Every structure is written in structure tokens, then in C-alpha cells.
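Letter by letter, the sequence shown follows residues -45 to -1, 1 to 478 of mature numbering (1 follows the signal peptide of the UniProt record, and there is no 0).
Idealized CB from N, CA, C, for every residue including glycine.
Computed from a predicted structure; not experimentally measured.
Below is one structure, written out as C-alpha cells; the observations come after it.
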Amino acid sequence: MLPPAAITSFQAFVASWLRRRCQVASFACGLLVFLCCCLSTKHCAAQAAWEFTPYEVKIWLSLPDDPTWQGAQFEQIRATLLGRAETTFGPLWNCEVLPAPALVAAELRQRMDELKSDQIVNAGPKLTGIDKIYLVGVNEDQGSLRILVREFDARAHQFSVVLARETPQRESLPWLIWDAIARAFTPIAKIERVEGPTIVARLRAGGLITTDESPAWIRAGAVLRPVIRRNDRMGEPLKGGIGLIPWTLLEVDKQESSLVTCRLHSGYKSPIPSKSNARTERLALLVQPQFPSTTLQLRARDASRSPLSGYEIWRKTSETDGELVGATDWRGNIELPQAATGALQTLLVRSGGQLLARLPIVPGQQLKMEASVVNDDGRLQAEGLIVALQSKIMDLEARRQITAARLRAKTKEGKFDEAQQLLDQFRALETRADLSRFLDQQNIKSIDPTTQKRIEKLVIDARSLLSKFLDPQLGVTLQRELQTAKSAPPKPPEPAPAPAPVPVPAPMPSPLPMPTEVSAPTP
């Protein structure tokens, strides 16, 4: 039994320990609430910055390498561009016109279509906080001014197509440059929710849009291209961390304030990550067809990369169940004209009735697009062989059954020589073993795993069909029946059937006497 002093000391220790634990738990709860509030505040601030701050835009201007183009000429172009930006975009743009960095100035004038995103990133200061860079190159050739303009989205690291303008007058140069810049502008949105096929995105500077005529407005029926950007801890994109999701498009169903609700169209299953984090940005750029048509090229997705010719292309839109567009030529190409409405289309690639791919596309969005598709030629070859083999099996089975029926009929009639001839004809027919060897000799292979599995399934189905017909025991059974009939004692002739009794005609009734003529009495 412990003394009372020890018990009191122990109780005091337990009470002190419990108080400390309660204080630690209270502090932890408070810290958790504080962190949640900070994160929520940070998220709200980021969302507000995305929605209520203008696009940060830079225009890099590369003029001819001539002193007469510097100074006053540059300032005149700069003032005109800034004025047009204010008039066209108003609060949506915070624009700055700068001379092109020396590292890319020559490329802007001569080889703008060959520029890579790394060249733009490394040409000047960091692109943090910048939304759009417009690359402008001006060349002077024999009194004619040729203008090249291209948009570079600094967040998605995506280029627009190169737009060209031409004029003989310097005075009209700023206006043509601005016309191309306004045409090249591509609104961008940030994907916030992915709920199966439904995508919800928030427009950049959407809170500053005051009219549906704004260039930054995205209407119902428009199409977006999703882009995934993966950043490091400093918010800079990882090497190779930015890319378009291939053959995936978002069709806008409705637009409410800064939010757009889209329907996902993709040739892949779950192409967009359903969850986002601080280092992964899910972006979407507006698709604006710039060409009268798009040439689609189909290539094998295996190492050969060979063009696929003769593959059927079907078009499926929201209004039609499907219509045949045509087949790819010997280069694997097919031309797709731009639709009048620029609507999204889903192309179905078929080969011999086999659906190989679904390709969402807006014809005219690019001049040429390439799709890697399963090379189905091996399966078609195997399918043709198997179909021919199935036909041969059914033909042989029919001939065997007819010959067997005729042989049994001759055997029953005792016409053994004719029955033997029919048995020899039966034995001359191809057997199940013959067809099985023929199937083994076919060496149809494909380096594509999917096609190889389909070929193997066709061969298995053919063997299964072969096992159900051309019974090898039927020939043995017919020979046994014929031998049994030959060794059996001859049957006595059947007595002739008794003649049928001759029917006796019934006697004819006697004719009634004719009535005698009675003369009328004389009055």
C-alpha cells in the first residue's frame, strides 16, 4: 500500500501530463485551421488573379536591319499598336511593345515558322507572369514590305500559325501588323473540374469581359485544346513538362460569366487528370481554324511508321450518325475540308469493318496532322485467308455429305461397283488434317501486339470451326458399311406383287319404257 504522499504526487503528475497534452492538441488544431485558412486564401487569391487581372502581353518587333527603320519609325509603330490594343481589348490587355531580343531578331524576319519554344524562353528575361508574346518580323524587298506575325502563349508554350501580310506603304504597316495580331489572339482558360466527360474551365481575365463581342469571349459551340503543364517548386515548367494532349478536344456546351462547361471528346480513355495540384496546371486554348482544309495522314504506330493506305475515314458529328468521307491514298493521306461552322468532328478510322481509332478534329485548325494507328494489314490478310478457309470447309462438308448419301443409296441397291467408285471419290476429298496442315503453314505475323492478338484469335476461331466439321471417322464408317453389305448373303428375290383385281362393272339399269302417244278424244 502506497503512502498518501506518493499517491498525491502521482495524481499531480497525471494531471500535469494531461494538461500538456490538451495544450499540444489545441495548438495543433489551431495550426491546422490556420493552414487551411491560408491555403483557402491563397487559392482564392490565385483564382482572383487569373480572373480579374488583364493579360500580360509583349509584342516583339523585328524591323529591317536598316538605320532608317529605327528611332522614329519604331516609335510610330509602337504608338499605333498600343492605341489599337487599348481600343480593341481595353482592360483585358496590359500591353508593351519592345524590340525583339537579338537572339531571335533574325529568325523573326526569315525563319519564323521554324522557331522552337526553347528559343523564345531563352531569348530574354524569364516569362513568369507573361501570358502572350507576339512575334513580329518585317522584311523589305524591292519596295514591298512583308509582315510575319505569330503568337506564342507563354503559359502553354504553344505557337499559333504564322500569319503573313504585305504592303508597299510604310504608313499602313502598323495597321496590318495589328490586324494580324488581333487575328492571332487565342483566349486561354484554366481547367478547374473534371467530372467524367464534363469539364469546367475558368476564362483568363473573364471577370473583365463586359460584352459577348469581346475577343476574349468563348461562345457555346467553340472548341478548346487541352494542355498539361508540370512545374517545379519555383513555378517554372519542367523540361518536357508542357504538352498538348493528342487527339483530345473540349466542346463548349454553355458559358456562364467566367466559367465554361465543356464536353470531352478524345481518342483516349481519361486523357485529362481528374485531380490537380500546385505543380500541375490544366490549361485549354481556343481552336481557331486558319486553313481551308487539313490533310490527315495515317501512319503505323509500330517502329516502321509506314503510311497506311486504303483505310476508310468516317465522319461523325452531333447531327449525323456517320458518313463515309473517303479512304486514304497510297501516302496514307486524306484531305478534310473545313466545315462551314468550324464545328468539331469525330473521325472514325476503319479497316475491313474493324474500328481502329476515334480522332476528334476541327478541319482547318492545322495544315497537316498525323495520326498513329494500328497497322491492320496483317489482320486483313489473315481475315481473308480465314474467310476463304471457312468457305472451303463448308463446301467440303457439303460434298462429303452428298457423296456419303449417294454411296449409301448404291450400297442399299446392291450396286457395289458404283458404291466403290463413290468411296474412292470420297477419299480423294481434302480432309480435316489437310486443312489443319495448310493452316499451320500460314505464317501471318505483325509487329504490332494488338494486331497480332487479333490474328491469333482469327486462327483460333478457324481451328474451332474445323473441329466441328469434316469428321475423319465418316470415311471409315462408309467403308465398313460397304464391306458389311458385300459380305452379307444375297437376299432372295422378292415375290412379284399380286395383280390387282380387275373391277367388275356394275349392271346398267333397264331403260324406262317410252310413253305411248294418246290422241285427244273427238268432240
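Neighbour-count burial assignment, residue i, 16 or more Cβ in a 10 Å radius
i, result
"E69", "exposed"
"V431", "exposed"
"A(-18)", "Since pLDDT at A(-18) reaches only 46, below the 50 mark, its modelled position is unreliable, and the value read off the structure follows with that caveat. Label assigned to A(-18): exposed."
"residue 488", "Residue coverage of the chain in this structure runs from -45 to 478, which leaves residue 488 outside it and unanswerable."
"W285", "exposed"
"A27", "exposed"
"Q356", "exposed"
"A175", "exposed"
"Y223", "exposed"
"I415", "exposed"
"R110", "buried"
"R334", "buried"
"M67", "buried"
"I402", "exposed"
"E168", "exposed"
"S259", "exposed"
"residue 479", "The chain is shown only over -45 to 478; residue 479 falls outside these bounds and no answer can be derived."
"S229", "exposed"
"D108", "buried"
"E338", "buried"
"residue 488", "Missing from the structure shown is residue 488; the chain here goes from -45 to 478 and no further."
"L(-44)", "Caution applies to L(-44), whose pLDDT of 48 falls short of 50 and renders its modelled position unreliable; the value that the coordinates give is listed next. By the 10 Å Cβ count, L(-44) comes out exposed."
"S221", "buried"
DSSP beta-bridge partners of residue i
i, result
"V149", "I154"
"R237", "I183"
"F140", "Per DSSP, none; premise fails for F140."
"H220", "L204"
"S442", "DSSP lists no partner for S442."
"W269", "L279, L303"
"R101", "N94, E121"
"P262", "R254"
"N49", "E11"
"V178", "E206"
"I88", "K13, F107"
"T165", "BP columns for T165 are empty, so no partner."
"L199", "V182"
"A326", "L253"
"E290", "T250"
"P80", "Answer by DSSP bridge pairing: none, since P80 is not bridged."
"V215", "A156, Q210"
"R313", "L303"
Selection from the options that minimises the alpha carbon distance to residue i
i, options, result
"I341", "Q97, N398, E95", "N398"
"K209", "R218, W202, T203", "R218"
"P192", "E150, E236, I227", "E236"
"L251", "L291, S229, V242, L238", "L291"
"E126", "E385, R105, K347, E30", "E30"
"L199", "F114, R188, A359, K408", "F114"
"D20", "F381, G92, N232", "G92"
"R392", "D187, V242, L421, S169", "L421"
"I197", "E206, L205, E106, N186", "N186"
"A239", "P201, G319, A353", "P201"
"T42", "Y89, A443, P170", "P170"
"P247", "P228, L413, K412, A294", "A294"
"T386", "I227, L90, Q376, R354", "R354"
"I348", "E338, L390, K230, K370", "L390"
"G308", "I289, A282, T301, L16", "A282"
Contacts around residue i, its chain only, beta-carbon distance under 7 Å, and the 5 residues preceding and following it disregarded
i, result
"L378", "L362, L433, Q434, L437"
"G98", "P123"
"D426", "none"
"P46", "P9, L163"
"P226", "I200, T203"
Contacts around residue i, its chain only, beta-carbon distance under 6 Å, and the 5 residues preceding and following it disregarded
i, result
"P56", "A78, G79"
"S261", "A255"
"G162", "E6, F7, S213"
"V280", "I268, R270"
"V178", "L204, E206, V242, L299, V317"
"V182", "A111, L199, L238"
Same chain, Cβ closer than 8 Å to residue i, five either side skipped, listed in chain order
i, result
"L311", "Y266, V304, R305, V328, V329, D331"
"G277", "W269, R270, K271, L303"
"G(-16)", "Here the model assigns G(-16) a pLDDT of 47, short of 50, so the residue's position is not dependable and the matter cannot be decided."
"Q25", "L18"
"V405", "The amino acid occupying residue 405 in the given sequence is Thr; Val does not appear at that position. The answer, listed in chain order, is V329."
"R148", "I154, V155"
"A417", "I341, L344, Q345, L394"
Beta carbon proximity, residue i to chain B, threshold 8 Å
i, result
"P9", "Looking at the structure shown, chain B is missing, and only one protein chain is on hand."
If contact is defined by three or more beta carbon pairs under 8 Å, each pair taking one atom from either stretch, is the segment 31 to 38 in contact with the segment 71 to 80? In short, these stretches do not touch, since the Cβ pair count stays below three.
Any contact between the segment 110 to 120 and the segment 129 to 137? By contact I mean 3 or more CB pairs, one from each, below 8 Å. The way I'd put it, the segment 110 to 120 does touch the segment 129 to 137; three or more beta-carbon pairs between them come closer than 8 Å.
Is the segment 310 to 328 touching the segment 336 to 354 in the sense that three or more CB pairs, one from each, lie closer than 8 Å? In short, these stretches do not touch, since the Cβ pair count stays below three.
The segment 60 to 69 contacting the segment 148 to 162, beta-carbon criterion three pairs below 8 Å: No: fewer than three Cβ pairs fall under 8 Å.
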